[in-house]
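Peer 1: One structure follows; several queries about it will come next.
There are 2 protein chains.
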Amino acid sequence: MPKAIQKENTPVATAVLDKKDMAILKLLQENARITVKEISEKIHLSTTPVHERIKRMEERGVIKQYVTLVDQNKIDLNLMVICYVSLKEHSKTAGVKFIKTINELHEVIECYSISGEFDFMLKVVCKDMNAYYDFHVNKLSQQENMGNVQSVFVMGIIKETHQLVH
Amino acid sequence: MPKAIQKENTPVATAVLDKKDMAILKLLQENARITVKEISEKIHLSTTPVHERIKRMEERGVIKQYVTLVDQNKIDLNLMVICYVSLKEHSKTAGVKFIKTINELHEVIECYSISGEFDFMLKVVCKDMNAYYDFHVNKLSQQENMGNVQSVFVMGIIKETHQLVH
DNA sequence: ACATTTTATAGAATAATATTCTAAATAGTT
DNA sequence: AACTATTTAGAATATTATTCTATAAAATGT
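These protein sequence lines are chains A and B, in that order.
Quick note on numbering: my numbering labels position 57 of the first sequence as 57, and the sequence is numbered without any gaps.
Quick note on numbering: my numbering labels position 45 of the second sequence as 45, and the sequence is numbered without any gaps.
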């Protein structure tokens, strides 16, 4: 397993969050465009402390990002594939090179360094099987250090959420 | 593979989106809290058409949801596991029952029906190994129809994005 | 136990933005 | 070329975010 895979300078400190912070997070999680006013009414606080708490959580990195989720099919991306990759060489430079490539491939939505037989798990989203074939043959396998690649196709989405706070 | 796994009443029609719609989506994807004004300045349109285009894409389901991403570690969730599951029985009712269970387990962030040896792939996020053990033994395996379960541990996050529009 | 410091809060004031409305312009069709 | 649809800009209004000041609560040290 390449050594430099784990992100550096990522403080793993747990933030101090009280019940009100968690309540705010829970609401923001489900709807990033909820107004401060609405939150304040729901958790029985005025707008100022809610606003300040949100800002604080943004600064501390508890809140990473506000994103908009787009329906894959509506923009003609109809195939999702889980793709396993092992590298031939596991040196630090080889790992860094692979990571660079992965970040340049927009078909790759997620990439994890994993335990077991393979080194990485990729979540790939593309138009159709032809597009995936192109990705596999002309992009992924083009990487010089590539070992084995195994594809598992997603036939149905049962659950997809981002709710970590409950 | 259970038959009822694929979501019903999901229209798979591709929406008609022009370049300006795509430009708006691209900006919203990266920041759900970007203002209409900001978007209008960046894509050289006034606020009204931008506002209308966003509303239209919301109504048509192109825009699924605005979500806030929370840092797992900051709320003390330090373990991510990819969990493979096969069911003993593959009848429709058995499949529906499994899906119901999955949706009730908040540790399960994602669940896909997949090709290959296993029936489902789960992404599980929890506090630590003890919490995962509890999930595995007391929650997942408690399901009567459970066949094999295999766990792959995530050691590092290389890439995690939601950018489908480019 | 009391005073002091710090932190959190409410309410008002201001700034910025979203949303709606009307009219003009553009593109597409017969 | 005339008509219809759709899209757009700009102004007006409504809503919301943000900042400010004063008060209240909590934590800390003596």
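Note that the Cβ used here is the ideal one computed from N, Cα and C, for glycine as well.
Between which two residues does the alpha helix (DSSP H) holding ILE75(A) run?
Peer 2: Unbroken run through ILE75(A): none, as it is neither H nor E.
Peer 1: For a test of the three-state rule: what should DSSP assign to ASN31(A), helix, strand or coil?
Peer 2: Coil at ASN31(A), not helix or strand.
Peer 1: Mapping DSSP to helix, strand and coil, what is ILE43(B)?
Peer 2: Three-state result, ILE43(B): coil.
Peer 1: Tell me the rounded alpha-carbon separation between GLY147(A) and GLU117(A).
Peer 2: Near 11 Å, if we compare the C-alpha coordinates of GLU117(A) and GLY147(A).
Peer 1: Could you tell me the alpha carbon to alpha carbon distance between ALA4(A) and GLN143(B), rounded to whole angstroms?
Peer 2: Here the model assigns ALA4(A) a pLDDT of 34, short of 50, so the residue's position is not dependable and the matter cannot be decided.
Peer 1: What residue range is occupied by the uninterrupted alpha helix (DSSP H) comprising VAL149(A)?
Peer 2: Element bounds for VAL149(A): not the alpha helix (DSSP H) but the beta strand (DSSP E), 146-160.
Peer 1: Can a CB atom of chain B be found closer than 9 Å to the CB of PHE160(A)?
Peer 2: Per the sequence shown, residue 160(A) should be read as Glu rather than Phe. Yes, GLU160(A) lies at the interface with chain B (some Cβ there is under 9 Å from its Cβ).
Peer 1: Please classify GLN150(B) as buried or exposed, where buried requires at least 16 neighbouring CB atoms within 10 angstroms.
Peer 2: Under this definition GLN150(B) is an exposed residue.
Peer 1: Quick test of your reading: ILE114(B) and VAL154(A), contact by CB under 8 Å. State the CB separation rounded to the nearest angstrom.
Peer 2: Indeed they touch by this definition, with Cβ atoms about 6 Å apart.
Peer 1: Using beta carbons (cut-off 9 Å, strictly below), is ALA131(A) in contact with chain B?
Peer 2: With 9 Å as the cut-off, ALA131(A) does not count as an interface residue toward chain B.
Peer 1: Taking all protein chains shown into account, do 16 or more other C-beta atoms lie within 10 angstroms of the C-beta of THR35(A), making it buried, or fewer, making it exposed?
Peer 2: With fewer than 16 other Cβ atoms within 10 Å, it is exposed.
Peer 1: Below 9 Å between beta carbons: does that hold for ILE109(A) and LEU164(B)?
Peer 2: Yes, the Cβ-Cβ distance between ILE109(A) and LEU164(B) is below 9 Å.
Peer 1: Alpha carbons only, please: which of ILE102(A), ALA15(A), VAL16(A), LEU69(A) is nearest the one belonging to GLY61(B)?
Peer 2: Selected option, being the one with the closest Cα: LEU69(A).
Peer 1: Which runs of the beta strand (DSSP E), 3 residues or longer, sit entirely within the stretch 74-130 of chain A?
Peer 2: Those beta strand (DSSP E) runs which fall completely within the stretch 74-130 of chain A and span 3+ residues are 79-87, 108-114, 120-126.
Peer 1: Relative to chain A, which residues along the stretch 37-60 of chain B have a C-beta separation below 8 Å, given in chain order?
Peer 2: Of all residues in the stretch 37-60 of chain B, ARG60 have a Cβ within less than 8 Å of some Cβ in chain A.
Peer 1: The stretch 126-153 of chain A: which residues have C-beta closer than 7 Å to a C-beta of chain B, in chain order?
Peer 2: If the cut-off is 7 Å between Cβ atoms, the stretch 126-153 of chain A has VAL152, PHE153 near chain B.
Peer 1: Within the same chain, show all residues whose beta-carbon is closer than 6 Å to that of LEU27(A), passing over the 5 residues directly before and after it, in chain order.
Peer 2: These residues qualify, in order along the chain: ILE34, ILE39.
Peer 1: Label VAL152(B) either buried or exposed according to how many other C-beta atoms from any shown protein chain fall within 10 Å of its C-beta, with 16 as the threshold for buried.
Peer 2: Buried, since its Cβ has 16 or more Cβ neighbours within 10 Å.
Peer 1: Please tell me whether ILE68(B) has its Cβ less than 9 Å away from any Cβ of chain A.
Peer 2: Note on identity: in this sequence residue 68(B) is Thr, with Ile being the wrong assignment. At least one chain A Cβ lies under 9 Å of THR68(B).
Peer 1: Count the other CB atoms within 10 Å of the CB of VAL137(B); is the residue buried (16 or more) or exposed (fewer)?
Peer 2: VAL137(B) comes out exposed.
Peer 1: Taking DSSP as the reference, what is the three-state secondary structure of SER164(B)?
Peer 2: A small correction: the amino acid at residue 164(B) is Leu; Ser does not occupy that position in the sequence shown. It is coil, neither helix nor strand.
Peer 1: Using only the alpha-carbon positions, how far apart do VAL96(A) and GLN65(B) sit?
Peer 2: Computed Cα separation, rounded: 34 Å.
Peer 1: Output, in chain order, the set of chain A residues within a Cβ distance shorter than 8 Å of LEU87(B).
Peer 2: Near LEU87(B) there are no residues of chain A at all, since even the closest Cβ is about 12 Å away, more than 8 Å.
Peer 1: Under 8 Å Cβ-Cβ, which residues of chain B neighbour LEU79(A)?
Peer 2: Under the 8 Å cutoff, chain B gives no residues; its nearest Cβ is about 12 Å from LEU79(A).
Peer 1: Compare the C-beta of CYS83(A) with all C-beta atoms of chain B and state if any pair is closer than 9 Å.
Peer 2: Cβ-Cβ to chain B under 9 Å: no for CYS83(A).
Peer 1: Measure the C-alpha to C-alpha separation of GLU41(B) and LYS92(A) and round it to an integer number of angstroms.
Peer 2: The alpha-carbon atoms of GLU41(B) and LYS92(A) are separated by roughly 43 Å.
Peer 1: Please report how far the alpha carbon of TYR167(A) lies from the alpha carbon of MET121(A), in whole angstroms.
Peer 2: The shown model of chain A, from 1 to 166, leaves out residue 167(A), and the question about it has no answer.
Peer 1: Spatial neighbours of ILE63(B) within its chain, please: CB distance less than 6 Å, with the 5 preceding and 5 following residues excluded, ordered by chain position.
Peer 2: If we look at ILE63(B) and ignore the five residues flanking it on each side, its Cβ neighbours are MET57.
Peer 1: Which term fits LYS123(A), buried or exposed, when burial requires 16 or more other beta carbons within 10 angstroms of its beta carbon?
Peer 2: Under this definition LYS123(A) is a buried residue.
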